[in-house]
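Below is one structure, written out as structure tokens; the observations come after it.
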Amino acid sequence: RDFCLSRGLGDVYKRQERGIRCLERFGERLTDIDSVDVRAVGTNTLRKAKNAARFLERAEAALGHPIDIISGHEEARIIYLGVAHSVADDSGRRLVIDIGGGSTEFIIGERFETRRVQSVHMGCVSHTLRFFPDGKLRREAFREATTAARVEIETFEREFRRTGWVSAVGSSGTVTSIAAILHENGWDHEGITRAGLRQLREFLISAGRMSKLSPPGMSPERAHVLPAGLAILQRAFKSLKICLLYTSD
Numbered sequence: 009r010d011f012c013l014s015r016g017l018g019d020v021y022k023r024q025e026r027g028i029r030c031l032e033r034f035g036e037r038l039t040d041i042d043s044v045d046v047r048a049v050g051t052n053t054l055r056k057a058k059n060a061a062r063f064l065e066r067a068e069a070a071l072g073h074p075i076d077i078i079s080g081h082e083e084a085r086i087i088y089l090g091v092a093h094s095v096a097d098d099s100g101r102r103l104v105i106d107i108g109g110g111s112t113e114f115i116i117g118e119r120f121e122t123r124r125v126q127s128v129h130m131g132c133v134s135h136t137l138r139f140f141p142d143g144k145l146r147r148e149a150f151r152e153a154t155t156a157a158r159v160e161i162e163t164f165e166r167e168f169r170r171t172g173w174v175s176a177v178g179s180s181g182t183v184t185s186i187a188a189i190l191h192e193n194g195w196d197h198e199g200i201t202r203a204g205l206r207q208l209r210e211f212l213i214s215a216g217r218m219s220k221l222s223p224p225g226m227s228p229e230r231a232h233v234l235p236a237g238l239a240i241l242q243r244a245f246k247s248l249k250i251c252l253l254y255t256s257d
């Protein structure tokens with residue numbers, strides 16, 4: 009609904025058509041794979057969209073497989089498994105944060121088992137539409153965006169901090185983009201830190217507008233949602249008292 013209001017129905021239609029064409033290409037690559045080895049899922053966008061049923065009918069035809077719309081908790085569980093298979097199988101709990109377009113997942117787990125799972129209704133796209141709709145990077149907009157993130161995280165931060173973790177990992181495109189920018193500019197080296205996030209925030213505010221963003225390490229397709237993702241991540245660091253965040257592809 010927000011996207012329709014801000015960009016127009018025509019643009020929404022074009023994006024849906026691009027999505028269908030993308031699924032058709034995936035379908036071609038899945039032709040020789042047994043259907044029992046394929047699972048396709050829809051996440052926050054399809055959980056919220058009023059036209060999800062109509063879109064799913066076309067999407068399943070394009071992909072050649074059924075698509076399940078999963079809950080935020082199931083999305084978080086799957087994200088955690090992906091991270092757990094990509095990092096060292098060490099003992100000790102880990103915190104995983106994944107900032108998506110419309111939701112953010114927080115998971116505490118150990119090895120391949122989750123202990124605490126939380127999915128909240130904020131993401132880099134929805135936060136962009138809400139706090140940076142005109143492309144201006146004002147300090148007040150960052151303050152409002154981080155405050156909104158604090159309200160969401162407050163619902164579970166005490167429980168998570170009581171459970172505790174040994175290491176923290178970020179797994180989204182937003183997090184890996186931020187890590188790349190910090191590394192390329194010499195603001196962080198071994199991972200993401202609070203100091204590095206502060207430097208990036210000041211850099212964005214000094215740029216003034218999203219259209220002027222071009223720091224080393226930033227991909228053009230991520231530029232317009234990066235400020236909102238940064239605001240969410242900064243609040244997560246403060247609320248959950250994170251000192252260092254590693255990344256996972």
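Here the sequence shown is numbered in this note's numbering, starting from 9 and rising by one per residue. All C-beta atoms in this analysis are idealised placements derived from N, C-alpha and C, irrespective of residue type, glycine included. This one's a predicted model, so the numbers in the text were calculated from it and none came from an experiment.
Check whether the segment 117 to 130 touches the segment 89 to 96, taking contact to mean three or more Cβ pairs, one atom from each stretch, closer than 8 Å. The answer is yes - the segment 89 to 96 touches the segment 117 to 130, with three or more Cβ pairs under 8 Å.
Pop quiz: Ile116 and Thr171 are said to be a contact at Cβ under 8 Å. What is the actual Cβ separation, rounded to whole angstroms? Taking the first residue of the sequence shown as 1, we reach residue 116 at position 108. Taking the first residue of the sequence shown as 1, we reach residue 171 at position 163. That pair is a contact at about 5 Å.
Is Gly143 near the ligand ADP, judged by its Cβ being under 6 Å from some heavy atom? Of ligands this structure carries none, so the ligand ADP is not represented either.
In this structure, what does DSSP give as the bridge partners for Ile105? The sequence position of residue 105 within the sequence shown is 97, counting from 1. Ile105 is bridged to Phe114 and Gly178.
Whole-number beta carbon distance between Thr154 and Gln242, since they are thought to touch under 8 Å: Within the sequence shown, the letter at position 234 stands for residue 242. Within the sequence shown, the letter at position 146 stands for residue 154. The beta-carbon distance between Gln242 and Thr154, rounded to whole angstroms, is 6 Å. This is short enough to meet the 8 Å contact definition.
Report the residue from Ile75, Val104 and Ser99 whose alpha carbon sits nearest the alpha carbon of Ala84. In the sequence shown, residue 84 corresponds to position 76, counting from 1. The shortest Cα separation from Ala84 among Ile75, Val104 and Ser99 belongs to Val104.
With distances taken Cα to Cα, identify the nearest neighbour of Ala239 among Ala187, Arg151, Phe34 and Tyr21. Mapped onto the sequence shown, residue 239 falls at position 231. Comparing Cα-Cα distances from Ala239 to each of Ala187, Arg151, Phe34 and Tyr21, the minimum goes to Arg151.
Where Ile240 sits in the DSSP three-state scheme: To locate residue 240, count along the sequence shown from 1; it is residue 232. In this structure, Ile240 counts as helix in the three-state DSSP scheme.
Starting from Val49, follow the beta strand (DSSP E) in both directions and report where the run begins and ends. Position 41 of the sequence shown holds residue 49. Segment Ala48 to Gly50, the beta strand (DSSP E) holding Val49.
Cα-Cα, which of Met218, Ala187 and Ser219 is closest to Arg206? Looking up residue 206 in the sequence shown gives position 198. For Arg206, the nearest C-alpha among the options comes from Ala187.
Complete runs of the alpha helix (DSSP H) confined to the segment 29 to 76 [at least 4 residues]: 52 to 56 and 60 to 71
Reduced DSSP category for Leu253 - H, G, I as helix; E, B as strand; rest coil: Here residue 253 refers to the residue found at position 245 of the sequence shown. Residue state, collapsed to three classes: strand.
Stretch pair the segment 92 to 102 + the segment 52 to 67: three plus CB contacts closer than 8 Å: The segment 92 to 102, when compared against the segment 52 to 67, does not touch it at the 8 Å Cβ threshold.
Could you tell me if Ile200 is buried or exposed, where buried requires 16 or more neighbouring beta carbons within 10 angstroms of its beta carbon? Here residue 200 refers to the residue found at position 192 when the sequence shown is read from its first residue. So Ile200 counts as buried.
Please report the distance separating the alpha-carbon of Val177 from that of Glu32. The residue you call residue 177 lines up with position 169 of the sequence shown. The residue you call residue 32 lines up with position 24 of the sequence shown. So the two alpha carbons sit approximately 33 Å from each other.
From the DSSP output, which residues share a beta bridge with Ser127? On the sequence shown, position 119 is the one that residue 127 refers to. Glu113.
Terminal residues of the alpha helix (DSSP H) in which Ala96 lies: Residue 96 sits at position 88 when you count from the first residue of the sequence shown. Careful: Ala96 lies outside any alpha helix (DSSP H) and carries neither H nor E.
Rounded C-alpha distance that separates Thr195 from Leu252: Position 187 of the sequence shown, counted from the start, is the residue given in the question as residue 195. Position 244 of the sequence shown, counted from the start, is the residue given in the question as residue 252. The question names Thr, but residue 195 in the sequence shown is Trp. Rounded to the nearest angstrom, the two C-alpha atoms are 13 Å apart.
Assuming contact is defined by CB atoms lying nearer than 7 Å, are Ala255 and Thr184 in contact in what I supplied? Here residue 255 refers to the residue found at position 247 when the sequence shown is read from its first residue. Here residue 184 refers to the residue found at position 176 when the sequence shown is read from its first residue. Before going on, a small fix: residue 255 reads as Thr here, not Ala. Their beta carbons are under 7 Å apart, which means Thr255 touches Thr184 by this criterion.
Can you grab the Cα-Cα spacing for the pair Leu221 / Ala149, in whole Å? Taking the sequence shown and counting its residues from 1, the one referred to as residue 221 is at position 213. Taking the sequence shown and counting its residues from 1, the one referred to as residue 149 is at position 141. In a straight line, the C-alpha of Leu221 is about 17 Å away from that of Ala149.
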